[in-house]
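Working notes, structure below.
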Amino acid sequence: MPYRLPESIYNSSQLRQLQSELKRLRSLRNPKNLVFSNNLQEIAAANNIKKLNIATTADLLKYVNVCLDQSVEITMNLASQPSIEERDELVARLRRMFSKTLLVHFIIQPELLAGATIRTKNNFFDLSLRNSLFANKTKLVQRIKNG
Amino acid sequence: MNTTIIILIIFSAIMLVVWMLLVINLFKESKSKRAKRSTQQELNHLSRQAKIEAQERMAKAVEKEYTALHKSLQTEAESIQKDFKKSIHEVTSKNLKDFNDTLAQINTSMQQQAKILAEASQKQAESTQKQINDETAKIKAKVISEVDNNISEIMVSYLAEVAGDLDYYQQKDYLYNSIEANKAAIKKDIENAV
């Protein structure tokens with residue numbers, strides 16, 4: 237069954253926690269009165285898993301392991317803190333654009349003013365307003381001079 | 478006694494004869510000396526006259542020779558003076574001509590050098606002026622650039638201050654647009670990283 241990562245699970249740290257939780261669940265012989273983490277509940281809901289049993293837990297663990305092995309994580313610095321909905325929307329958009337299992341490590345950096353910087357494995361993309369202003373400051377001055 | 482007297486008389490006679498002979502001899506000698514003295518005086522006189530005459534002749538001859546020599550020397554001197562003047566004139570004329578020629582050459586050379594120097598100075602001045610103009614333009618451009626940079630820094634700082642209050646919602650469109658604009662490059666990089 238093809239699974240998908242919910243937008244609420246967006247970084248490798250969450251995946252590793254999920255992996256630990258799933259491993260712990262799989263090792264339990266008599267799972268009773270278990271309290272699941274939000275991430276586990278989210279991924280189960282996102283994949284229409286009504287009940288976590290040994291089989292589904294194993295499948296989810298397998299999927300999480302694959303994600304941890306193969307997913308690309310980017311570091312994204314944002315100028316301001318998004319709400320949970322806004323963050324989820326951003327993650328969804330990024331996954332549509334780049335990869336279904338893309339992981340994002342968010343850092344809030346107000347000095348960027350607006351926009352973001354994205355660091356991938358090999359490159360750094362500065363999409364911030366600050367960079368844009370500094371990059372175009374000559375044009376800015378010319379526009380001011382020309383009225 | 479008689480003998481003695483006779484002897485004495487004889488002796489006296491002998492003595493008288495001897496004395497008379499001596500007197501005669503003395504008289505002769507005196508006469509001879511007197512004659513000799515007269516001849517010597519004459520000779521002296523003649524000699525003196527001859528000497529005077531010889532001196533006069535000598536003086537005349539010397540005077541004559543002196544006059545001739547003087548005349549000859551004067552002629553020679555005039556000739557030498559004439560030749561000297563001629564030589565001096567020739568030498569002076571030649572030297573003057575050489576001097577004038579050399580002076581003319583020096584003048585020509587100096588004029589050429591001056592012309593070359595003037596041209597070089599003109600070129601150097603033009604080159605220096607060009608360099609000054611270039612440097613001035615560079616400095617002007619640099620100063621303008623620095624001023625522009627400062628202005629832009631101020632403007633950016635101002636905008637940063639203004640934009641600092643933007644919340645995520647306000648900047649969401651900007652964020653999405655900027656990601657969209659760089660989508661291809663980011664996607665390529667992510668695909669390469671897989």
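Quick note, the sequences are listed as chains A and B, same order. Residues in the first sequence are numbered consecutively from 237, following our numbering. Residues in the second sequence are numbered consecutively from 478, following our numbering. Glycine included, each C-beta is placed from N, C-alpha and C at the ideal position.
Counted within 10 angstroms of its Cβ, other Cβ atoms place residue i as buried (16 or more) or exposed
| i | result |
| --- | --- |
| Tyr-635/B | exposed |
| Ser-507/B | exposed |
| Gln-250/A | buried |
| Lys-528/B | exposed |
| Leu-369/A | buried |
| Asp-578/B | exposed |
| Ile-501/B | exposed |
| Lys-513/B | exposed |
| Asn-313/A | buried |
| Tyr-646/B | exposed |
| Ala-531/B | exposed |
| Phe-576/B | exposed |
| Gln-608/B | exposed |
| Ile-616/B | exposed |
| Arg-366/A | buried |
| Gln-589/B | exposed |
| Tyr-543/B | exposed |
Presumed contact (8 Å Cβ cut-off) between residue i and residue j, rounded CB distance
| i | j | result |
| --- | --- | --- |
| Ala-670/B | Asn-358/A | 6 Å |
| Leu-304/A | Gln-255/A | 6 Å |
| Val-302/A | Leu-258/A | Not a contact, Cβ separation roughly 13 Å. |
| Asn-659/B | Phe-361/A | 6 Å |
| Ile-656/B | Leu-270/A | Not confirmed; about 39 Å, so no contact. |
Residue nearest to residue i in terms of C-alpha spacing, selected from the options
| i | options | result |
| --- | --- | --- |
| Val-308/A | Ser-364/A, Ser-248/A and Leu-363/A | Ser-248/A |
| Gln-306/A | Leu-338/A, Leu-349/A, Lys-373/A and Ile-285/A | Leu-338/A |
| Lys-381/A | Met-632/B, Thr-613/B and Ile-616/B | Met-632/B |
| Asn-654/B | Leu-326/A, Ile-343/A, Asn-372/A and Phe-342/A | Leu-326/A |
| Ile-343/A | Ile-279/A, Glu-322/A and Thr-311/A | Thr-311/A |
| Leu-282/A | Gln-253/A, Ala-328/A and Arg-252/A | Note on identity: in this sequence residue 282/A is Ala, with Leu being the wrong assignment. Comparing Cα positions, the closest option is Ala-328/A. |
Nonlocal neighbours in the same chain, by C-beta distance under 8 Å from residue i, ignoring five residues either side
| i | result |
| --- | --- |
| Lys-336/A | Arg-240 and Leu-241 |
| Arg-262/A | Ile-290, Thr-293, Ala-294 and Leu-297 |
| His-522/B | none |
Span separating the alpha-carbon of residue i from that of residue j
| i | j | result |
| --- | --- | --- |
| Ala-637/B | Glu-347/A | 8 Å |
| Lys-619/B | Ile-593/B | 38 Å |
| Lys-505/B | Gln-517/B | 19 Å |
| Thr-353/A | Ser-316/A | 12 Å |
| Gly-179/A | Gln-277/A | An answer regarding residue 179/A cannot be provided, because it is not within the stretch 237 to 383 covered by chain A. |
| Ile-663/B | Met-333/A | 9 Å |
| Leu-376/A | Ile-320/A | 35 Å |
| Thr-585/B | Thr-569/B | 24 Å |
| Asp-666/B | Arg-355/A | 10 Å |
| Asp-625/B | Thr-374/A | 7 Å |
| Lys-559/B | Ala-545/B | 21 Å |
| Gln-582/B | Glu-603/B | 31 Å |
| Ser-556/B | Ala-536/B | 29 Å |
| Ile-628/B | Leu-349/A | 19 Å |
| Gly-383/A | Asn-610/B | 30 Å |
| Glu-519/B | Phe-488/B | 47 Å |
| Asn-266/A | Asn-275/A | 22 Å |
| Ser-622/B | Ala-280/A | 59 Å |
| Ile-491/B | Ile-482/B | 14 Å |
| Gln-345/A | Pro-318/A | 12 Å |
Sequence-distant residues of its chain with Cβ nearer than 7 Å to residue i (five each side left out)
| i | result |
| --- | --- |
| Lys-562/B | none |
| Asp-324/A | Glu-243 and Ser-244 |
| Leu-330/A | Leu-338 and Val-340 |
| Asp-650/B | none |
Chain-ordered chain E contacts of residue i [CB-CB under 7 Å]
| i | result |
| --- | --- |
| Leu-376/A | Protein chains A and B are contained in the structure displayed, whereas chain E is not. |
Neighbourhood of residue i by C-beta, 6 Å cutoff - its chain only, sequence neighbours within 5 removed
| i | result |
| --- | --- |
| Lys-510/B | none |
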